[in-house]
Amino acid sequence: MKKIQKKSFVYTLFFLFVTNLCFAEIDVVNCPTAEVVDYGTGEVSVRIYSYGGVISKFIFAPFNRINFGGSIDIEKFVGYETPVVHDPAFYLKWRIFDGTKIFPAVAIGFDGQGYKFVSTKYSLPAKGLFLVFSQNVAVKKLFIDIGVNLTKYNEESKLLSFVSLRGSIEDIIKLGIEYENIYEQKIQQVNLLVGLCLSKLINIDFVFVNLTDKNSEIER
Numbered sequence: 727m728k729k730i731q732k733k734s735f736v737y738t739l740f741f742l743f744v745t746n747l748c749f750a751e752i753d754v755v756n757c758p759t760a761e762v763v764d765y766g767t768g769e770v771s772v773r774i775y776s777y778g779g780v781i782s783k784f785i786f787a788p789f790n791r792i793n794f795g796g797s798i799d800i801e802k803f804v805g806y807e808t809p810v811v812h813d814p815a816f817y818l819k820w821r822i823f824d825g826t827k828i829f830p831a832v833a834i835g836f837d838g839q840g841y842k843f844v845s846t847k848y849s850l851p852a853k854g855l856f857l858v859f860s861q862n863v864a865v866k867k868l869f870i871d872i873g874v875n876l877t878k879y880n881e882e883s884k885l886l887s888f889v890s891l892r893g894s895i896e897d898i899i900k901l902g903i904e905y906e907n908i909y910e911q912k913i914q915q916v917n918l919l920v921g922l923c924l925s926k927l928i929n930i931d932f933v934f935v936n937l938t939d940k941n942s943e944i945e946r
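Position one of the sequence shown corresponds to residue 727 (this note's numbering), numbered consecutively onward.
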């Protein structure tokens, strides 16, 4: 029974936005988009994962089109065990082109936050350097994102790719699905996002990670 409960565990994300664009999706789940926080605003998020772990992330926009920020991962933050704090990670994104009806928006950046820390390293590596294209498709609030990223996995540099589809319904519900780490079978996975926009400042997301792995268990 305990094993079944682990498999059915769902990651929950709680995002506190201090920007005026609730549906400007900076990331879908783990994959970036070409969206950025508006100049002079910022975003603070808290990601709650299994066994009381928390990843806190902040992003701010001191310049137009350019976002800076960072994140920190704390294991066992919620509960009675001693918390384990991992090294903070750096974040940067530059939206170099806003896009048109024909050509996609383009952003480049760096995200140093990995996921699922095991022993001495993250089993799911950070995106590292990335290039992403985002384009509105079909209807007004439906977007597709396609990108590549250069990361380090098993002590080797890897050029991977990702794709995501995201949209919103009546500015209240947002949906997203992503396929990440393409070309690296051991870490490629499909993630699903279902979010609720409670106000212009508060957004709650529920995330289902690694949908295609029937035998996976929730790990750190």
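Where a beta carbon is used, it is the ideal one built from N, C-alpha and C, also for glycine.
Query	Result
CB contact flag (residue 860, residue 760, <9 Å)	yes
Per DSSP, the bridge partner or partners of residue 847	844
Per-residue DSSP class, three states only, for residue 929	strand
Own chain partners of residue 753 with C-beta closer than 7 Å, once the 5 adjacent residues on each side are dropped	759
Which of helix, strand or coil DSSP assigns to residue 779	strand
Span of the beta strand (DSSP E), counted from its first residue to its last, around residue 833	831 to 837
Paired residues, beta bridge with residue 752 - DSSP	Its beta-bridge partners do not exist; DSSP assigns none.
CA-to-CA distance, residue 930 to residue 770, given in whole angstroms	12 Å
Three-way DSSP call (helix, strand, coil) for residue 817 in this model	strand
Contact set for residue 937: own chain, Cβ-Cβ below 8 Å, skip 5 residues either direction	915, 916, 917 and 918
Top-ranked residue by Cα proximity to residue 797, from 788, 803, 783 and 809	783
Proximal residues to residue 874 (C-beta, below 6 Å), its chain only, five neighbours per side dropped	857 and 887
First through last residue of the beta strand (DSSP E) which encompasses residue 915	915 to 923
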